[in-house]
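Below is one structure, written out as structure tokens, with a few remarks after it.
Protein chains: 4
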Amino acid sequence: MTPAPTLSAELRTNLTRWRRDFHRHAETAWTEFRTTSAIIGALRDLGWATIFGPDLHEASARLGVPTTDVLAGARARAVDQGADAELVEAMGEGFTGVLGVLETGRPGPVVCFRFDIDANDLNELADDSHRPFAEGFASVNDGAMHGCGHDGHAAMGLGLASVLTGMVADLTGTVKIIFQPAEEGVRGAHSIVAAGWFDDVDLFVATHLKSDDAKGGVLTGVDGYLASTKFDVEFSGVGAHAGGDPEKGRNALLAAASATLGLHAIPRHSAGASRINVGTFTAGEGRNVVPRTARIAVETRGETSEINDFMVARAADVVAGAALMHGVDHKVTVVGRADTASPSPELLPFIRASFTGVPGVAEIRDTGGLGGSEDATAMMKRVTERGGLATYVQIGMETSWGHHTERFDVDEDMLAVGVAAEARIALDAPEFLAGLGRA
Amino acid sequence: MTPAPTLSAELRTNLTRWRRDFHRHAETAWTEFRTTSAIIGALRDLGWATIFGPDLHEASARLGVPTTDVLAGARARAVDQGADAELVEAMGEGFTGVLGVLETGRPGPVVCFRFDIDANDLNELADDSHRPFAEGFASVNDGAMHGCGHDGHAAMGLGLASVLTGMVADLTGTVKIIFQPAEEGVRGAHSIVAAGWFDDVDLFVATHLKSDDAKGGVLTGVDGYLASTKFDVEFSGVGAHAGGDPEKGRNALLAAASATLGLHAIPRHSAGASRINVGTFTAGEGRNVVPRTARIAVETRGETSEINDFMVARAADVVAGAALMHGVDHKVTVVGRADTASPSPELLPFIRASFTGVPGVAEIRDTGGLGGSEDATAMMKRVTERGGLATYVQIGMETSWGHHTERFDVDEDMLAVGVAAEARIALDAPEFLAGLGRA
Amino acid sequence: MTPAPTLSAELRTNLTRWRRDFHRHAETAWTEFRTTSAIIGALRDLGWATIFGPDLHEASARLGVPTTDVLAGARARAVDQGADAELVEAMGEGFTGVLGVLETGRPGPVVCFRFDIDANDLNELADDSHRPFAEGFASVNDGAMHGCGHDGHAAMGLGLASVLTGMVADLTGTVKIIFQPAEEGVRGAHSIVAAGWFDDVDLFVATHLKSDDAKGGVLTGVDGYLASTKFDVEFSGVGAHAGGDPEKGRNALLAAASATLGLHAIPRHSAGASRINVGTFTAGEGRNVVPRTARIAVETRGETSEINDFMVARAADVVAGAALMHGVDHKVTVVGRADTASPSPELLPFIRASFTGVPGVAEIRDTGGLGGSEDATAMMKRVTERGGLATYVQIGMETSWGHHTERFDVDEDMLAVGVAAEARIALDAPEFLAGLGRA
Amino acid sequence: MTPAPTLSAELRTNLTRWRRDFHRHAETAWTEFRTTSAIIGALRDLGWATIFGPDLHEASARLGVPTTDVLAGARARAVDQGADAELVEAMGEGFTGVLGVLETGRPGPVVCFRFDIDANDLNELADDSHRPFAEGFASVNDGAMHGCGHDGHAAMGLGLASVLTGMVADLTGTVKIIFQPAEEGVRGAHSIVAAGWFDDVDLFVATHLKSDDAKGGVLTGVDGYLASTKFDVEFSGVGAHAGGDPEKGRNALLAAASATLGLHAIPRHSAGASRINVGTFTAGEGRNVVPRTARIAVETRGETSEINDFMVARAADVVAGAALMHGVDHKVTVVGRADTASPSPELLPFIRASFTGVPGVAEIRDTGGLGGSEDATAMMKRVTERGGLATYVQIGMETSWGHHTERFDVDEDMLAVGVAAEARIALDAPEFLAGLGRA
């Protein structure tokens with residue numbers, strides 16, 4: 001293998017700076033206008049081609065896009081927070097994310113890296129024990145917080161683009177870096193895949209920072225993704241004065257509460273792990289009004305697609321039954337979906353070699369489970385279906401708080417690890433693939 | 001008014017003896033074979049005509065009749081406990097109860113008294129603090145206990161028949177005493193009414209002992225009955241091994257639990273009082289089996305029939321929705337029904353006069369609410385619809401435990417009160433009715 | 001009686017104009033900054049004394065005051081919408097409402113009228129079938145809508161002040177008009193009463209428009225208020241990734257759902273009407289996070305204070321049990337409270353006389369139930385405890401939509417009815433009270 | 001290996017005869033009086049020593065023993081159905097089961113086989129599509145049915161004893177056959193182990209017929225038992241008349257329903273499979289009584305003991321919280337418990353060899369999961385802790401209905417398979433163990 005590139009002090013500084021800037025201006029799924037704008041700007045400065053806006057997505061395949069009002073608010077806020085107004089305009093109704101492409105002009109394979117960029121629907125902890133707050137880069141955006149490390153991912157992607165730009169003379173073929181929006185809720189990958197941007201990829205690597213692992217522990221092929229379906233349920237009843245006419249109401253809140261208990265009572269499955277979560281619940285118009293409306297945000301998961309399908313089918317009965325019980329209408333909207341996928345076994349030794357010797361790497365394991373869901377699986381499936389190789393790399397961090405909590409933080413030392421090892425992947429992939437008789 | 005008759009020491013002894021015999025051999029709704037047999041025997045000894053068995057009931061109007069097996073067991077037990085085998089045979093599939101008729105042969109009105117005779121589905125307290133247990137006349141029949149005083153009512157009915165037999169020379173017209181089965185669950189009155197036995201009644205008095213009133217306090221016209229519907233719900237799902245195949249089950253127990261919570265969540269009604277009770281719940285085949293069957297016994301009530309209808313309609317949605325939630329079938333069977341009814345106002349002064357001066361009567365009030373349901377209302381409705389007068393008298397007892405509890409007991413001193421006052425009613429009714437221009 | 005005053009065309013126009021202005025700028029409880037500012041301005045123009053801000057309230061007795069942030073936002077909005085900035089500043093942390101006082105300088109009783117001014121937590125229907133929307137005076141404030149007619153009440157109060165100003169020469173004693181904030185949630189009366197402003201009132205009249213009555217039907221003494229307690233429950237659990245670590249979570253949303261079903265299952269009470277409502281439910285941080293927080297807004301009611309106390313006590317058990325079930329903490333905060341109260345019987349003939357012959361009055365009844373809760377009851381109790389007379393008048397409107405619904409609208413013809421009749425009350429009260437040997 | 005013995009036609013006939021006799025007279029846990037009596041008789045006829053009654057069990061370690069009344073009824077029924085009255089008397093308060101011992105008098109290891117003998121709490125299907133019913137050997141005992149094949153196990157145990165008796169000259173050491181009671185509910189093994197009967201066992205084989213496997217498919221070492229805890233919860237509230245005094249009740253049925261939903265809502269565990277089942281639910285005293293008592297039978301399971309402990313701990317909170325919610329008392333009683341255990345890997349090749357070539361064996365696999373719980377694990381643990389080898393063999397049957405269903409049936413062809421292969425195990429175990437340097 002080529003030795004791993006050494007990162008300049010300036011690039012290391014930039015990695016932290018980018019990450020904190022994204023962290024501070026956290027944007028949730030499909031509203032990553034400022035984040036995307038900043039990435040496009042940086043890629044253009046490096047001379048990369050950029051594909052974004054409606055070109056990036058098959059519009060009909062997008063899932064869980066917010067309302068026009070929410071998008072308009074997010075666009076305005078992005079511009080307020082320094083985004084390029086023209087780019088934001090071009091992203092229109094939530095066509096966020098960007099694909100950066102570096103064409104070397106020399107024949108060779110298409111190597112693609114994926115970094116997701118969206119934040120979580122969380123309010124960040126405002127407490128000095130939480131470093132982002134203490135050091136002044138906590139999210140300034142209500143209800144948006146990078147609680148899963150995608151701020152670090154986006155920074156790694158820009159770092160990787162920088163390093164590769166510097167070593168372009170040594171590269172062959174094409175490098176693609178996809179800055180994917182809307183990974184939370186597993187909503188954003190489908191429409192990019194459907195638009196064909198993964199049809200020519202020969203080697204695909206997705207990357208994720210992980211908080212509850214040893215610092216510098218690397219997994220070359222994360223496995224065990226849970227298939228998942230995300231859906232919203234709206235219950236619509238009849239309001240009434242709770243004191244004067246309680247019998248005239250049809251109580252949507254009660255229907256949603258009954259549904260919640262019923263959803264959690266869907267049985268375990270003997271064929272493997274399943275999950276159910278009613279993540280949010282919003283109902284009612286006022287204390288003294290029989291609630292007319294209620295909305296719950298639900299997700300199911302399964303160790304296999306069959307198990308997830310079982311959960312979804314039973315959940316449909318539960319919400320229909322809860323609506324019937326309380327005499328209200330209901331509507332189910334699917335807003336996200338993820339499949340299971342497995343890393344290509346023949347790719348793992350190459351990934352292991354690429355991370356070996358990179359400063360900061362403590363130990364390397366080949367496979368292990370994540371216990372979550374990911375829509376990088378949609379990209380992995382497309383790449384492997386068409387004969388390419390794909391994997392999902394996890395880099396362990398020394399941080400004590402779980403993902404998707406208000407205290408989550410990134411170990412910024414790990415950003416350079418990903419950049420260095422993945423630059424090496426881009427460099428050596430052509431030879432590796434040729435050795436397998438591919439590409 | 002005629003003075004109230006004085007009861008002989010022998011009759012007083014008999015009242016207690018009858019009551020304790022009925023108490024000891026408590027029989028629940030539609031299984032009052034021994035009780036009916038004993039009453040028929042006593043009436044025959046007095047020379048009364050008796051109507052019983054299928055003659056007494058319009059078969060299709062009976063509600064909540066137990067299964068053939070239960071009836072067969074009860075018949076066998078009754079014979080074991082001393083019932084006349086021939087009479088029991090004649091009562092067949094639960095045609096219990098008896099109408100005693102005393103024809104004076106002299107023209108005059110038809111005056112009818114009603115006493116109910118069935119026990120509750122309770123196990124009697126086995127504790128020396130409970131007099132029936134301490135004195136050896138606690139129920140010997142599992143799951144059957146006179147917890148509402150119908151043992152006392154039946155004894156009063158026989159006492160009244162005895163007294164009236166002794167004073168037959170002073171009577172005119174016809175006296176009927178209906179010993180009604182299956183009042184619990186408001187099941188037994190409809191079929192007797194439907195058979196026409198109340199079509200000729202000019203004056204009707206139902207009687208009830210009441211525990212939480214002053215000793216000797218009499219209400220001449222109980223009002224405020226709640227309309228009520230009694231129904232069973234059976235849920236049928238799919239069993240499965242709870243460890244090996246939980247996902248293959250369709251859990252009837254869970255459906256019934258969801259239904260229970262949903263039923264209790266039916267809203268209050270602004271037009272008046274409502275009630276809901278899931279009184280019993282039986283489900284499941286074994287600890288490690290996903291429950292395949294569940295059954296709940298439910299009752300609704302309403303201050304008006306409209307309110308009760310509202311409860312029933314909403315309950316139908318709840319149980320259907322709960323079944324749908326958990327993927328099980330369900331079946332609703334109505335087993336009892338009561339209406340509201342009010343005493344005839346013009347009758348109350350006569351009732352008041354009849355109780356006035358009777359030894360043991362402490363105070364007399366005219367109206368007041370019971371807060372329960374009664375199927376004597378079906379008789380009251382029929383009598384008043386056809387131009388007769390009807391009321392429901394309550395006699396207070398000094399006992400501290402509520403009706404339908406395992407500690408309920410009758411104050412036997414009050415039995416004579418009802419007998420004496422109601423004999424006077426029978427005596428003076430012709431003159432009273434004539435004074436109103438009736439009969 | 002003095003003839004009822006005839007209202008000028010200008011005043012009639014003003015009544016509608018005021019009402020629509022208040023409607024358009026609806027402000028919910030304790031945020032009635034603009035509404036109060038406008039009323040103060042109008043009263044000052046008429047030469048009335050005004051008491052407002054912290055002078056009006058005993059601060060510690062206020063219930064259910066919003067957060068500082070909410071108040072700050074509401075103040076800013078009020079000023080944006082034309083409120084007097086200095087007055088808004090003076091109302092500070094939600095000390096809204098105003099007491100107008102007209103001292104005639106002549107000896108006589110203190111007569112007080114009460115009009116409430118706050119809007120509901122509702123979003124107004126945006127549909128041309130809804131007149132306020134079609135005619136352009138629908139609420140411009142999100143989550144605030146006059147769905148109970150307090151916009152009309154406030155306009156009536158100003159109309160009454162205008163008329164009384166014009167006839168001041170005929171008045172004796174003192175007239176007070178209290179424009180009460182925060183009636184919704186029964187939060188605003190207690191602190192005004194506690195500040196002593198009702199201690200000298202001899203005759204008190206509260207007024208309410210009612211939608212589901214005959215047009216022009218007047219009730220001189222509304223009775224049957226339900227005692228009520230309003231409280232919030234916050235559940236605090238532990239968040240966790242719903243896919244990766246579900247067992248680490250402690251699910252506050254589930255606790256709130258269990259509590260909701262348990263609250264609705266609190267039994268009916270045999271002593272009279274009761275109510276329970278979980279009016280709003282907000283929980284969860286994101287679809288894939290085990291919910292860490294949940295909040296429900298609850299109210300109980302009872303036909304008597306004892307029944308309401310029963311509901312509150314059982315509710316406390318329910319929420320504590322639900323928290324224990326799911327391993328979460330909980331906190332209950334009482335934010336509103338209302339008692340029962342009855343109109344003074346000796347006052348009703350005078351009220352009847354005052355409304356008799358007023359144009360627009362169709363029929364007058366003396367008493368009837370509202371089936372709701374009101375904190376005017378706190379004022380009524382204080383006035384009557386100290387020997388004064390009090391009542392609560394209801395004026396029926398021909399509108400088909402219930403109170404507290406998104407379609408509620410006021411029949412503006414009825415505004416003049418209240419103004420004319422109540423001006424007459426102010427005029428004739430001294431003589432009426434003197435006739436009773438009072439004041 | 002020694003060739004597998006050929007079973008005589010008579011023995012084959014006996015296997016079926018025994019199995020059907022046990023099936024017809026199904027007896028549930030701790031009431032296997034007739035079954036044990038029959039087995040003791042057969043073992044005595046063969047000349048085996050028998051250990052039974054209180055000698056077999058450490059009394060304090062028994063779990064989930066029925067009430068004295070139930071045991072008395074079961075003893076009487078057993079004698080009615082042909083059991084030896086003296087033996088039944090000796091088994092007293094549920095000391096059922098028997099250990100048969102064949103001492104060869106020659107030095108050698110102790111080899112032990114386990115067959116469980118109890119039936120399930122099921123009512124057998126009464127339908128001609130069900131062979132036991134059609135052919136007249138369906139269970140005659142209400143609420144007891146062999147729905148898990150223990151009738152077949154018991155027959156295999158007797159067959160094995162017969163064959164070994166015939167070849168005693170070829171055996172060395174000691175053979176033990178334990179006919180274990182009360183496997184259902186994982187209640188019966190602990191007290192036998194605690195009494196020391198497994199302390200000297202060198203090689204242990206438990207055997208189970210399995211319905212949803214290929215006919216003749218053998219698993220030499222069943223793995224993947226779920227740890228499990230079985231417990232009952234009793235809720236005790238206050239009864240009241242549901243119409244008259246609903247507010248005086250404290251509703252135990254509602255508490256149990258809330259607990260049921262809460263138990264099913266215990267979260268899935270990321271470390272592996274978990275299970276929860278509320279298998280039975282019995283509550284209430286009558287339709288019109290607020291339910292005073294409720295009882296639920298619950299079981300938890302976990303892929304590891306830690307997961308099961310998590311379930312048990314959360315369940316304790318749920319039931320305590322549900323009781324608090326509804327103001328009732330509760331009591332939890334643990335009635336069964338099972339651990340995880342794994343077969344000894346070095347034993348499996350010997351088991352494979354023993355089954356190889358046995359007529360009726362179709363295929364042999366080494367390990368696989370059962371997905372249930374077993375208290376043979378307690379025996380396996382004791383044997384392996386003390387240095388012995390242990391496994392659990394499963395024999396597949398061609399029957400289409402799941403275990404623990406009302407339609408379960410045994411493929412009687414498989415009985416001979418177990419007998420032949422396990423006789424060979426007894427024969428060759430001394431040499432096998434010697435080859436490992438054991439015994």
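Residue numbers (UniProt numbering), protein chains in the order written: chain H, 1 to 439; chain L, 1 to 439; chain P, 1 to 439; chain G, 1 to 439.
Cβ coordinates follow ideal geometry from the N, Cα and C atoms, glycine included.
As the structure is a computational prediction, the values presented were derived from the model and not from experiment.
Among the options, nearest to residue i - alpha-carbon criterion
i, options, result
"Lys248/H", "His25/P, Val70/P, Leu56/P and His403/P", "His403/P"
"Gly343/P", "Thr207/P, His146/P and Glu184/P", "A small fix is needed here, since residue 343/P is Pro in this sequence, not Gly. Nearest of Thr207/P, His146/P and Glu184/P to Pro343/P, Cα basis: Thr207/P."
"Arg301/H", "Thr333/P, Arg314/P, His264/P and Pro246/P", "Pro246/P"
"Gly64/G", "Phe231/G, Gly262/G and Met397/G", "Phe231/G"
"Ala38/L", "Gln81/L, Arg295/L, Ser139/L and Asp55/L", "Gln81/L"
"Gly284/L", "Pro5/L, Ala255/L and Pro349/L", "Ala255/L"
"Ser228/G", "Glu184/G, Leu415/G, Lys176/G and Glu299/G", "Glu299/G"
"Asn288/G", "His330/L, Gly360/L and Ser373/L", "Ser373/L"
CB contact below 8 angstroms: residue i versus chain G
i, result
"His403/H", "no"
"Leu324/P", "yes"
Beta-carbon proximity list for residue i, same chain, < 7 angstroms, skipping 5 on both sides
i, result
"Pro109/G", "Gly173, Asp202, Leu203, Ala429, Pro430, Leu433 and Ala439"
"Gly418/G", "Met156, Thr207 and Ile395"
Bounding residues of the beta strand (DSSP E) (the contiguous stretch that carries residue i)
i, result
"Glu299/P", "Thr293 to Gly302"
"Arg337/P", "Asp329 to Ala338"
"Ile39/G", "That residue, Ile39/G, is in no beta strand (DSSP E); its alpha helix (DSSP H) goes Phe33 to Leu46."
"Ala72/G", "Note, Ala72/G: premise wrong, no beta strand (DSSP E); alpha helix (DSSP H) at Thr68 to Asp80."
"Ala49/H", "Ala49 to Phe52"
"Ala390/G", "Leu389 to Gly396"
Continuous alpha helix (DSSP H) stretch holding residue i: start and end
i, result
"Lys381/H", "Ala376 to Glu385"
"Ile351/L", "Leu348 to Phe355"
Residues near residue i by beta carbon distance below 8 angstroms, same chain, minus five either side
i, result
"Ala271/L", "Glu303, Thr304, Glu306 and Ile307"
Contacting residues, own chain, Cβ-Cβ under 6 angstroms from residue i (five flanking each side not counted)
i, result
"Trp18/L", "Ala155 and Leu158"
Contact with chain P by residue i, beta-carbon distance below 8 angstroms
i, result
"His269/G", "yes"
Minimum Cβ-Cβ distance from residue i to chain L less than 8 angstroms
i, result
"Thr125/G", "With the sequence shown as reference, residue 125/G is identified as Leu, and Thr is not the correct amino acid for it. So no, Leu125/G is outside the interface."
Problem - Runs of beta strand (DSSP E) wholly within the UniProt domain "Peptidase M20 dimerisation" (230 to 319) of chain P (minimum 3 residues, chain order) - result: Entirely contained in the UniProt domain "Peptidase M20 dimerisation" (230 to 319) of chain P, the beta strand (DSSP E) runs reaching 3 residues are, in chain order, 274 to 283 and 293 to 302.
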